[in-house]
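In my numbering, the protein residues as written are 9 to 311. Backbone N, C-alpha and C define an ideal beta-carbon position, used for all residues, glycine too.
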Ligand SMILES: Cc1ncc(C[n+]2csc(CCOP(=O)(O)OP(=O)(O)O)c2C)c(N)n1
Ligand code: SF4
Ligand SMILES: [Mg+2]
């Protein structure tokens, strides 16, 4: 493997084949030449990169608890500032603090500590890799799991079509903290992710990236398919690529003719029950939701 590509995270990790996490981590960290300190909240990334007694990390790394990625980043930011005040770190040595956390550790259990760190204005980049469920513990629903998905705790069956609730709008929650920069990205569009990571890493204060990460285990697809499925998420407007910068929204990818949501759903086992009789109502509801969310986003760009 290319040495440049693995200068932060070595190939010796144990994510599943067809997992989008390593590409996200490498693309984000490669977007800066500065030193980085990585915080990783409990979840697939942390578990698969730190199999005792080994570590795949080639940079300073802290494993935080599930609920406190934001607080850990805040503590490191505070420590770096204190060390600089005492001239223990040369002024020209730039150090970036980067948190990687899953959707469970961000939308749900770590939300309060992320909120506190954003509101206090700490200098860090928070990257949520979003596989839309609690994967490290076997695939339970999270606040990020889409409506209609079959998970361990929202099983589809005779009396259930999967998750009944809509996904949380985390981007709006984060943006409501008046931070300078937040962006939604997708591992299937790496040049776009690299651009957003570079921009975020060059800014100061709290910055946020929400990155869609297909998971072969939960989404149930052949391991070679993750880029195609990731692309379909954006081509159907299920997962728009956009940025928020100093109060201005910008859509980074759009098409006049988005594909119907079925194109995305039919690639994955977690939605296969929706293609049985009766599932069409749920698909129609999902399409309505996607269309409404897209309209809302377009209106934000235009104001
Ligand atoms: C307070 C607390 N509750 C539950 C757990 C068990 N737990 C560890 S990882 C995990 C799932 C993580 O899900 P997510 O943040 O989406 O990351 P992923 O595993 O999908 O990468 C859970 C439930 C824990 N470690 N701490
Ligand atoms: S369970 Fe999903 S998120 Fe976890 S390592 Fe496997 S593919 Fe990646
Ligand atoms: Mg997850």
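Asked	Found
Counting Cβ pairs, one atom from each stretch, are 3 or more of them under 8 Å apart for the stretch 133-151 and the stretch 104-120?	yes
Can you tell which of 143, 167, 174 and 166 has the C-alpha that lies nearest to the C-alpha of residue 159?	143
Taking a contact to mean a Cβ-Cβ separation below 8 Å, would you say residue 209 touches residue 35 in this structure?	no
Got a sec? Which residues, its chain only, sit under 7 Å from residue 80 by beta carbon, not counting five neighbours each side?	47, 70 and 72
Do residue 141 and ligand 3 come close, with the Cβ less than 7 Å from some heavy atom?	yes
Give me the DSSP bridge partner(s) of residue 194.	220
Quick one: Cα of residue 229 to Cα of residue 139, how far?	13 Å
Could you give the distance in angstroms between the alpha-carbon of residue 20 and the alpha-carbon of residue 30?	11 Å
Could you tell me whether any non-hydrogen atom of ligand 1 is closer than 7 Å to the CB of residue 224?	no
Could you give the residue range of the alpha helix (DSSP H) that holds residue 52?	52-57
Report the start-end ranges of each alpha helix (DSSP H) in the stretch 135-209 that is 4 residues or longer and not cut off at the edges.	178-183
Would you mind reading off the limits of the beta strand (DSSP E) that contains residue 312?	Residue 312 lies beyond the residue range present for the chain, which begins at 9 and ends at 311; the question has no answer from this structure.
Can you name the residues that DSSP bridges to residue 261?	DSSP, once it has assigned bridges, lists no residue as partnering residue 261.
Nearest-angstrom Cα distance between residue 265 and residue 301?	16 Å
Use the C-beta contact count for residue 136: other C-beta atoms within 10 angstroms, 16 or more gives buried, fewer gives exposed.	buried
What are the boundary residues of the alpha helix (DSSP H) that includes residue 29?	29-37
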